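Whatever position you read off the sequence shown (first residue = 1), add 229 for the working numbering. C-beta atoms are modelled at their ideal positions from N, C-alpha and C, and glycine is treated no differently. Computed from a predicted structure; not experimentally measured.
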Amino acid sequence: MKVFLNQALPEAGMELLRKAQLEILLPEQEALSRADWINYCQQADVVVGLAAKGFDAAFFEQCPKVKAIALFSVGYDQVDIAAATQRNIPVSNTPDVLSRATSDVAFLLMQSVARLAAFNFERVKTGNWPQQFNPTAHLGQELYGKTLGIFGLGRIGFEMARKCKAAFDMKIIYHNRSPKPELEGELDATYVSFEALLERSDVLSLHANYTEASKDLFGADVFRKMKRNAILINTARGGFVHEADLYRALVEGVIWGAGLDVSSPEPMLRDNPLPGLQNVCVLPHIGSATVAARDGMARLVAENVIAFAKGERMPTVVNAEVYI
Ligand code: DGY
Numbered sequence: 230m231k232v233f234l235n236q237a238l239p240e241a242g243m244e245l246l247r248k249a250q251l252e253i254l255l256p257e258q259e260a261l262s263r264a265d266w267i268n269y270c271q272q273a274d275v276v277v278g279l280a281a282k283g284f285d286a287a288f289f290e291q292c293p294k295v296k297a298i299a300l301f302s303v304g305y306d307q308v309d310i311a312a313a314t315q316r317n318i319p320v321s322n323t324p325d326v327l328s329r330a331t332s333d334v335a336f337l338l339m340q341s342v343a344r345l346a347a348f349n350f351e352r353v354k355t356g357n358w359p360q361q362f363n364p365t366a367h368l369g370q371e372l373y374g375k376t377l378g379i380f381g382l383g384r385i386g387f388e389m390a391r392k393c394k395a396a397f398d399m400k401i402i403y404h405n406r407s408p409k410p411e412l413e414g415e416l417d418a419t420y421v422s423f424e425a426l427l428e429r430s431d432v433l434s435l436h437a438n439y440t441e442a443s444k445d446l447f448g449a450d451v452f453r454k455m456k457r458n459a460i461l462i463n464t465a466r467g468g469f470v471h472e473a474d475l476y477r478a479l480v481e482g483v484i485w486g487a488g489l490d491v492s493s494p495e496p497m498l499r500d501n502p503l504p505g506l507q508n509v510c511v512l513p514h515i516g517s518a519t520v521a522a523r524d525g526m527a528r529l530v531a532e533n534v535i536a537f538a539k540g541e542r543m544p545t546v547v548n549a550e551v552y553i
């Protein structure tokens with residue numbers, strides 16, 4: 230069974246793959262053109278995707294030999310799941326192992342924006358720490374008792390809510406396609422409509438799975454329905470947010486601040502004005518960037534590949550229907 234990786238996994242995963250004695254195809258150069266990437270995929274039975282884009286319908290046409298895909302991410306928006314399922318190709322992702330790390334970044338962004346931390350750090354770095362104390366300059370917001378709105382109460386949203394409740398006794402409301410009563414108890418969380426989520430959240434944190442249908446969902450119309458003191462946090466996918474509308478909403482005081490770990494496109498374009506705003510903190514998609522999370526992801530990818538190679542069900546398959 231030939232397994233293609235467009236980049237090496239962290240050692241915890243590579244070790245498992247080597248022990249399983251699978252044939253590993255790993256190119257020397259890390260940045261492959263799409264044509265080169267397709268070329269490698271055409272030779273493989275299993276493709277491991279590390280930040281690899283474009284498992285679209287054309288990919289499946291071009292790579293008929295591929296029998297399984299193992300993603301090094303919890304998100305699977307880079308895969309046309311319907312096309313994979315139609316061909317009976319299981320696709321696995323890496324849930325759970327990164328929920329704490331990613332929700333930590335959402336929590337960090339929330340505090341950073343609320344207290345203008347990135348902006349204030351920039352003042353220090355650029356020598357802009359005036360001698361004269363000003364009691365009304367650069368004031369932040371306190372989060373105690375405020376309302377946290379979670380858009381997409383999955384594992385990461387749950388961890389974010391748990392931290393916000395414990396740290397700031399925040400009230401938790403959430404919106405999903407359907408309520409999740411099994412998660413409400415510990416959080417004392419309330420399911421609300423999308424409109425109510427916008428209207429009531431002091432901090433609105435995005436954690437839903439992204440699909441093209443949600444592209445630019447958070448645009449001008451949505452920002453107008455939010456509170457003027459609201460902070461938007463996005464650690465999910467950049468495509469959720471219309472960035473030009475967000476910039477205008479922040480400059481015009483329609484909402485108060487934004488913390489973004491993701492953008493569209495990624496990397497964020499150099500001339501994007503958002504990082505220049507004092508009420509914004511932008512990070513370069515580091516949600517899962519801890520040793521523990523990345524090792525966990527690597528192990529899970531390897532476990533999925535090995536299970537598939539043994540003819541077993543991939544433990545974290547996304548399109549479970551391929552096994553029915
Ligand atoms: C994920 O796992 O989907 C993260 O966004 C990747 O960093």
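Original post:
According to DSSP, which residues form a beta bridge with Ser-434?
Top reply: Answer is Ile-379 and Ile-462, bridged to Ser-434.
Original post:
Ends of the alpha helix (DSSP H) at Leu-254?
Top reply: Taken as a continuous stretch (DSSP letters only), Leu-254 belongs to no alpha helix (DSSP H), being part of the beta strand (DSSP E) at 252-254.
**OP:** Would you tell me roughly how many angstroms separate the C-alpha atoms of Thr-419 and Ile-401, rounded to the nearest one?
**Re:** Their Cα atoms are separated by approximately 7 Å.
Subject >> Strand pairing of Tyr-439, partner residues [DSSP] >> reply: For Tyr-439, which the question treats as bridged, DSSP gives no partner whatsoever.
**OP:** Flag Leu-327 as yes when its Cβ comes closer than 8 Å to any non-hydrogen atom of the ligand DGY, and as no otherwise.
**Re:** Because some heavy atom of the ligand DGY lies under 8 Å away, the Cβ of Leu-327 counts as near it: yes.
**OP:** Just mark Asn-548 as buried or exposed, buried being the case when its beta carbon has 16 or more other beta carbons within 10 Å.
**Re:** It counts as buried.
Subject >> Classification of Leu-246 by the beta-carbon crowding that lies within 10 angstroms, buried from 16 upward >> reply: When all chains shown are included, Leu-246 counts as buried.
Original post:
Quick one, are the C-beta atoms of Ala-459 and Asp-490 less than 9 Å apart?
Top reply: Contact flag unset, no.
Original post:
Is Ser-517 near the ligand DGY, judged by its Cβ being under 8 Å from some heavy atom?
Top reply: For Ser-517, the distance from the CB to the nearest heavy atom of the ligand DGY is below 8 Å.
Original post:
DSSP on Lys-231, reduced to helix/strand/coil?
Top reply: Residue state, collapsed to three classes: strand.
**OP:** Using a Cβ cut-off of 9 Å (strictly closer), state whether Arg-528 contacts chain B.
**Re:** Absent from the structure is chain B; it holds one protein chain and no more.
Original post:
What do you reckon, is the C-beta of Ser-577 under 8 Å from a heavy atom of the ligand DGY?
Top reply: Because the chain spans 230 through 553 in this model, residue 577 falls outside it and cannot be assessed.
Subject >> Lys-296 in three-state terms, based on DSSP >> reply: Lys-296 falls in the coil class under three-state DSSP.
Original post:
Nearest CA to the CA of Val-295: which residue from Gln-340, Ala-286 and Asp-445?
Top reply: Among Gln-340, Ala-286 and Asp-445, the Cα nearest to that of Val-295 is on Ala-286.
**OP:** Compute the minimum distance between the beta carbon of Ser-332 and the heavy atoms of the ligand DGY, and state whether it is under 8 Å.
**Re:** Not so, every heavy atom of the ligand DGY lies at least 8 Å from the Cβ.
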